[in-house]
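In this text, residue positions in the sequence shown follow the numbering used here: the first is 718, and each later residue adds one.
Positions of the beta carbon are idealized from the N, C-alpha and C atoms, including for glycine.
Here the structure is a predicted model, which means the values were calculated and not measured.
Beneath this line is the structure, given in structure tokens, with notes to follow.
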Amino acid sequence: MHPHLHTKDNKGCDEIMTALEECHAKGFLWKAAGMCSDIKRDVNKCLRAERLDRTAKNREQAREKRAKVEAVWAEIEANS
């Protein structure tokens, strides 16, 4: 797999990505015949799930930060 996919954010997919690398190492004809397609599909599903999880966590953190900022602004407006 591409080195940029082997990150701390995708640790849950390392095993599947390694299996795909091993499949690809068997040669071009092996890949061209579609022998790695199921593993590739599993990698895509795993990476998507990891991304959706990160997105949900990021969205929640942004909401919390926004609530804090709004509270500070409300306090400033109340004291003005």
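For residue i, does the count of other Cβ atoms within 10 angstroms reach 16, so buried, or fall short, so exposed?
i, result
"ALA746", "Reading the sequence as shown, one finds Leu at residue 746 and not Ala. The residue in question, LEU746, is exposed, as its Cβ has fewer than 16 Cβ neighbours within 10 Å."
"ASN727", "buried"
"ILE793", "exposed"
Can you tell me the Cα-Cα spacing of residue i and residue j, whole angstroms?
i, j, result
"ARG694", "SER797", "Outside the modelled stretch of the chain, which goes from 718 to 797, sits residue 694, for which no answer is possible."
"ARG780", "LEU769", "16 angstroms"
"GLU738", "ARG783", "42 angstroms"
"ALA749", "ASN761", "18 angstroms"
"GLY751", "GLY744", "12 angstroms"
Are the beta-carbon atoms belonging to residue i and residue j less than 8 angstroms from one another?
i, j, result
"GLU777", "GLY729", "no"
"ALA736", "ILE756", "yes"
"CYS740", "CYS753", "yes"
Kindly list the residues whose CB is nearer than 6 angstroms to the CB of residue i, restricted to its own chain and excluding five residues on each side of it in sequence; keep chain order.
i, result
"ASP759", "ILE733"
So, for residue i: in the same chain, excluding its five sequence neighbours on each side, which residues have a beta-carbon less than 8 angstroms away from its beta-carbon?
i, result
"LYS725", "none"
Does the pairing of the stretch 764-773 with the stretch 781-791 give three or more beta-carbon distances under 8 angstroms?
no
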